[in-house]
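Data block below; observations after.
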Amino acid sequence: MSEAAKPSEKQYIPPPSELGSGQTSYTSITEKISSVVLTRSTPLVWFISLLVGFTLLQALLIAVAYLFYEGTGIWGLNIPIGWGFAIINFVWWIGIGHAGTLISAVLLLFRQKWRTSINRSAEAMTIFAVMCAAMFPLIHTGRPWLAAYWLLPYPNSMDIWPQFRSPLIWDVFAVSTYFSVSLVFWTLGMIPDFASFRDRAKNRITQIIFGVLAMGWRGSAIHWERYEMASLLLAGLATPLVLSVHSVVSLDFAVSIIPGWHTTIFPPYFVAGAIFAGFAMVLTLMIPVRRIYGLQDFITDRHLENMAKVMLVSGLIVGYGYFMEQFMAWYSASVFEGYMMQNRMHGPYGSYYWALILCNILVPQLLWIKSCRTSTIWLFVVSMFINVGMWLERFIIVVTSLHRDFMPSSWDMYHPTIWDWATYIGTIGLFLFLFVLFIRGLPLIAIHEIRTLLPIGGKKS
Amino acid sequence: MDEKITRKSLQVKDIRTRLSQNGGRAYWRSLDELANTDEFQEMVQREFPDQASEMKDPVSRRNFLKLMGASLAFGGLTGCTIQPPEKIVPFVRAPENLIPGKPLYFASAMSLGGVATGILVESHMGRPTHIEGNPEHPASQGGVNALIQASILDLYDPDRAQVVKNAGMISTWDAFTQALGKNLTTQQFKKGKGLRILTETLTSPTLGHQLKTLLEKFPAARWHQYEPANRDNVRAGSILAFGEAANTYYDFSKADVILSLDADFTFSGAGNTRYARDFAARRRVAEATESMNRLYAVESTPSATGSIADHRLALNSGELEALTLALAEKLGVALKSNPESTPYNDHSGWLDPLVRDLKKHSGSSLVIAGDYQPPAIHALVHAINQNLGNVGKTVHYTEPLEVESVDQNQSLTELVHDMRAGQVDMLIIVGGNPIFNAPMDLDFASALRKVEFRAHMGLYENETSELCHWHLPESHYLETWGDARAYDGTVSIVQPLIQPLYGTKSPYDLLGTLIGQGGKPVLDILRAYWLDQNLALDFEKFWQQSLHDGLLSQSALPRKDLRVDSTLQVSPELGKNLEEEELELILRPDATIWDGRYVNNGWLQETPNPITKLTWDNAALISPDTAERLGLKNEQVVKLDYAGQTLSVPVWLVPGQASDVVALHLGYGQNHSGRVGNGTGFNAYALRNSSAQWGGAGLKLNATFDYHSLASTQDHHSMEGRHLVRHGDLEQFAKHPTFAQEEGHNFPEDLTLYSGFEYNGNAWGMTIDLNACIGCNACSVACQSENNIPIVGKDEVLNGREMSWIRIDRYYTDLDEPEIFHQPVPCQQCENAPCELVCPVTATSHSAEGLNDMVYNRCVGTRYCSNNCPYKVRRFNFLQYADRDSESLKLQNNPDVTVRYRGVMEKCTYCVQRINSARIESKKSGEPIRDGQIKTACEQACPTEAIAFGDINDSKGRVGRLKASPLNYEILNELNTRPRTSYLARIKNPNPEIVES
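So the sequence lines, in the order shown, correspond to chains A and B. Take 1 as the starting number for the first sequence in our numbering and just add one per residue. Take 1001 as the starting number for the second sequence in our numbering and just add one per residue.
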């Protein structure tokens, strides 16, 4: 947008309900958001976060290098527990990613205007979470150098194709589609903001970088028209993905015959869990970021409260899932299902199960209380509980189902090793590292969309 | 000039001198050519004593390999110490029947405790790879136990003794012969007064003849025999009963009622493979109308045999003796004086029904006492069998199998006494490891030090070699000729399958050297001996036939009619019960590593004990109630104190063990055994003394606060209400023949819309008869040998990553008086296999014959198939388990089976390589594959013929018939997996009188 079009700064415009009181003009919005990247001096916290992320990333690199050198035996896996941290983390990260897509696509279609200030960072979170997630199914295989391409359907002289009946192949398609759509959506959404950055760049290098990224965006009406149409189409594409990706992931378990996995409730229950986990992670990230960069005007308490409400609802659906698992174990009258549930509650991993109930069912009930929903501290605490709880949920599903299945003679225990932890914590490092770079290097809030919130901005989407 | 060479240093100058003296040749074309003289080899070897000492250090494998590489290069220089100069030339005419890719089978025999079992050895291009039972041999009849099969791994063990050593330094056979000659000359003047030979139990007629020749040559010399798992008590019992030593063997095919008094006859000891086969044949009931034998087992610690008994009673030794006394009394055995002990307290209400049952089956009953029971029990059992009229029917007596039957404990004691008295100038130890396993009170080591010339021949350099001047590497039995007697005296021929891999010689060579036959090939010695026996008119033909059969026909020892005439004199101590809170120690050879000789055998180390399921360690086994009384937990280390000797060892709780009895297995705790065996287990010999070889009462136990983790392959012992092992008794079976099939849920056939696969050709299937399975692990080791299954080590077993394709699950029903069930679980080869549809790369897929084929090349290792396998029979190469470095171990691999790389899933294939080779034959000949033509490795090995494999389309075939049995059931078939492997329910035949009471 050219500067000429901007309204007079003196003109009074009442602040819109989606924004805080301080943000009243196009300039101030653009100024405030672009300054994070272009002008403002980088706060110390940013450097500390980057260092932490970078350090943890090294743990990942070392762990994966050693894994490729020595084999999956460095993890605590065994027979019967063929899947451990890798799959737990895969599901956990994929779940976290879901909030981003939900916010950017579904809420766009439902015209929830409050989403605009959080959608960019939520999308970034999606991209990074999916990157962390997608790594696991590959590295957890015994021979990743072959799995890397044998899982793809490519024409070959041997006429060998992947097994399309296997949920792992569905995963490959689901996750890769999800990642590409999310990436395109995210990148597309940033183009107008890149152009603003290009225009406001203080030096040549920044100008060139954002110039290239802006792909010749001039803000012409035809640009905007196409942009809006593309956004809408991509949102339409991404919306079913919110439901399908985690449904497909849940089929990894549901398709098998293992008690505790073989459950028809898994697809909706996993999707709800993903949204639950995803919003918790958005809150975990946004609460500190808005404080550090003083973005309270953009990410307002109202945003936080709305997210808390989504968490509360999805958390209740998850709770219903837990209840149905219990019910079916009893109602099926199957000795295997019954034992599985007994073992979850009272077996060697019983304490994990009760911790899961505490984190995912009991603690989120605090969100019924409005003062909790509006208190950043309470929200941060609750969302941390949910992050842990959702990880435990995947641990319970993967490990307790496998460790005692049909043949008591083969029952065993799972003891994660230092390499399991290093890989897990390493992906947190990767995520943090990427996210911190994103905050500093890219427009962390969609400037042009925020501007539409101003009454004079008109209605675009 | 050779004489001038000192031991310590070798001067390059000397070589130069030597070179200059080689006037005839201007050049030497290679170092070999120059070096290929014994003297030079000796010089070179002595030049590098460092290398020798380095080999003794506990080096890491990597270092070891470096050394191996170095020694290989070095070997090229010296041209090997012993191998005869041979030219490598291609075959001008191919040897008969040697077709690359096709194995050949040779009959041979393996002895353990001196007693031979006939085997067939599979050989691929000159490499023995696999051992099967010899169907023509009476001790095998085609079956073979785990120990025998695993012995092939010893042949290729890189830790085997490979060179002659003198005082720890590499030497040569010639040097030894020289040193020996010098000493023998001295002895000749003394008529051999200072010469002693110590062997293990020896039944080889040829070797015995050599020894006797030696004793004729040196009349004052003496020959001693000792091995720790000896049968002194059996011998003493027979002397007590008959006044002479005799060999007893049994005919289980005629026995209807059997009482085992601590005898693990199906699993260990002389003739076990044959006994297991005959015993199991009488237990097989396909129809409800058939009869079966009945086994009563009384034992202190649960054994494989006890686990299949119809009635099992856990008693401590005193109670067991009292029971035997009471039984003898009721069966009319007269004693000179009754023992002072309290009479047997029949809590279980067994005794009278048992007596009636035995009496009812006079002539077709059998009472059998364990090898480690005291002599009086053996004598009583002889008398009982005689009174029951079993002698000549189910019990047979012959002359002893041994060339010379001695009380080994006494024999060794005398040797030690002589050594200590300084009467022994030279001692030649052939086999064994007396420093490690002689009774502690003899202090063999200090006595041995007094001997001036000590030589030890053995497969491994062990504690004894360390203390001997000379260590002589012994050839493995697959590398040398020989002979030995089987349990009934049948002479079995030991036939070599391969030239010695290293510079080793056999005891026949060594004895030959001692009696002046030095250098004579063993085959010639063997043939000469048997030629002299005048067994056949046409010896050549007889000999060829014997080699083919693996035995000399009609060579079983003639049966003797021995009678217990006089009344028996038993010790007044017999049947003395334990005091209140007193503990008893019992020592037994280990189920897998025997007396310790297989401690470096990885297959056996990783083969779980049939009852405890422990691998890589032994433990102090105690019953749960005793553990409760003493406040002990599993794996808690206790300090055992027995007759002044102590040992710290972890405890392991074993349901079915007699109360107040601590059982320890011998053979573990060695530090000189090699990379596999070092540091495994606890040395139970430390508690053994010559007056109590198999333990006794008066054990003190002190708990410590330490724990030692033990690697068990099964952590959960209850079936948790799942219908895995189905069982009933004979009466139930007669009333309701299909009881087993109705147990649990069956998946209704019509519930699915899809029609099944069609199998128009062969459809392979398997049945496993739980009524015959004794849990002996023979199938599991057979599978390991056939399918190149790697071992993973104790840590990995603890991690739950053992690789066995056929595991044997063992379940208990109860903590204190459990029934014990064994269930071998190979891949079930499901028709609706859960593993197949979840593999993303189709690495496991269904074959046209109904197998779940595993394509190793295609596997990327997602482990999804294993997760989805309800039977958990899939095994994953989490790390690089297959040894790709040790050259000698590669020779053992079956060339028809892939060696798996890390990251690949593997599992039982029903020995698909055997199926394929039969199919190729069938295609060539146009004949269909016959029933029984393909035997899987597990089926072939199984001593009890519990496993049957074949075409299920062939309803008249063995498997077809067994699958039609009312006892046939599939496990977890409610999941609609439709397994091809099915089980025959276990049927017990309890005494109705005992059941009612």
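Ideal Cβ positions, reconstructed from N, Cα and C, are used throughout, including at glycine. Note that the coordinates shown come from a computational prediction; the quantities given were computed from them, not determined experimentally.
Check each candidate in the options and name the one with the smallest Cα separation from residue i.
| i | options | result |
| --- | --- | --- |
| B:S1348 | B:S1337, B:L1320, B:L1562 and B:G1677 | B:L1320 |
| B:N1385 | B:A1484, B:G1512, B:R1563 and B:D1262 | B:R1563 |
| B:R1980 | B:L1552, B:I1947, B:P1990 and B:K1988 | B:I1947 |
| B:D1938 | B:E1887, B:I1593, B:C1773 and B:L1687 | According to the sequence shown, residue 1938 of chain B is Cys rather than Asp. Measuring from the Cα of B:C1938, the nearest candidate turns out to be B:C1773. |
| B:Y1508 | B:D1532, B:E1463, B:E1466 and B:G1458 | B:G1458 |
| A:A129 | A:V318, A:S182, A:L151 and A:G216 | A:S182 |
| A:F279 | A:Y353, A:G236 and A:M390 | A:M390 |
| B:P1521 | B:D1532, B:F1539, B:P1496 and B:V1599 | B:P1496 |
| A:V271 | A:Y331, A:Y320 and A:G189 | A:Y320 |
Identify the continuous alpha helix (DSSP H) that holds residue i and give its terminal residues.
| i | result |
| --- | --- |
| A:F128 | T116 to I139 |
| B:D1509 | P1507 to L1514 |
| B:N1097 | No alpha helix (DSSP H) holds B:N1097; DSSP gives it neither H nor E. |
| B:A1150 | A1146 to Y1156 |
| B:W1223 | Premise fails: B:W1223 lies in the beta strand (DSSP E), R1222 to Q1225, not in any alpha helix (DSSP H). |
| B:Q1940 | A1937 to A1941 |
So with Cβ pairs under 8 Å, would you call residue i a contact of chain B?
| i | result |
| --- | --- |
| A:F256 | Reading off the sequence shown, one finds Ser at residue 256 of chain A, where the question assumed Phe. Yes, its Cβ sits closer than 8 Å to a Cβ of chain B. |
| A:P348 | no |
| A:T72 | yes |
| A:P80 | yes |
| A:P167 | yes |
| A:M345 | no |
| A:S371 | no |
| A:P267 | no |
| A:S409 | yes |
The beta strand (DSSP E) with residue i in it runs from where to where?
| i | result |
| --- | --- |
| B:Y1296 | R1294 to E1299 |
| B:V1661 | V1661 to L1666 |
| B:G1695 | G1695 to Y1707 |
| B:V1570 | Unbroken run through B:V1570: none, as it is neither H nor E. |
| A:A355 | Here A:A355 belongs to no beta strand (DSSP E); instead the alpha helix (DSSP H) covers G350 to I357. |
| B:H1311 | H1311 to A1314 |
If you reduce the DSSP assignment to three classes, tell me which class residue i lands in.
| i | result |
| --- | --- |
| B:K1330 | helix |
| B:Q1892 | coil |
| B:Q1408 | helix |
| A:L295 | coil |
| B:K1613 | coil |
| B:E1584 | strand |
For residue i, would you say it is in contact with chain A, using Cβ-to-Cβ distances shorter than 8 Å as the test?
| i | result |
| --- | --- |
| B:A1052 | Model confidence at B:A1052 stands at a pLDDT of 40, short of 50, so the residue's coordinates are unreliable and nothing is read from them. |
| B:T1738 | no |
| B:F1074 | Because B:F1074 sits at a pLDDT of 46, beneath the cut-off of 50, its placement in the model cannot be relied upon, and the point is left open. |
| B:P1790 | no |
| B:V1899 | no |
Would residue i be called buried (16 or more neighbouring beta carbons within 10 Å of its own) or exposed?
| i | result |
| --- | --- |
| B:H1548 | exposed |
| A:I205 | exposed |
| B:A1438 | buried |
| B:V1092 | exposed |
| B:E1927 | exposed |
| A:L67 | buried |
At a threshold of 7 Å, does residue i count as lining the ligand HEM (C-beta to nearest heavy atom)?
| i | result |
| --- | --- |
| B:A1445 | Among the components modelled here there is no ligand, and therefore nothing to report on the ligand HEM. |
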